[in-house]
Amino acid sequence: MRLSSENTAVVLDSTADLPDPQGRNPNWRMVPLYVQFGTETFRDYVDLS
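The numbers in the sequence shown follow this note's numbering, run straight up by one, and end at 88.
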């Protein structure tokens, strides 16, 4: 199988700090970084802005 835009995706974590990664390229996926403050856990760009 050859790599193409139909069968390939780029996975980024939220520290890449790209505004709207899927708006830039539909094959880019962003995974939120988990941030822990004491006993609380938050997801970057989901629970935190």
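Where is the CB? At the ideal position from N, CA and C, for every residue including glycine.
Name the DSSP beta bridge partners of residue 79, please?
For residue 79, which the question treats as bridged, DSSP gives the partners 76.
What separation, rounded to the nearest whole angstrom, lies between the Cα atoms of residue 41 and residue 78?
Between the alpha carbons of residue 41 and residue 78 lies a gap of roughly 45 Å.
Would you identify the three-state DSSP class for residue 41, choosing helix, strand or coil?
Three-state DSSP puts residue 41 in coil, outside helix and strand.
Any idea which residues DSSP pairs residue 51 with across the strands?
When DSSP reads this structure, residue 51 sits in a beta bridge with 69.
For residue 85, which option in 54, 66, 65 has the closest C-alpha, if you only look at C-alpha atoms?
Nearest neighbour of residue 85 by Cα position, chosen from 54, 66, 65, turns out to be 54.
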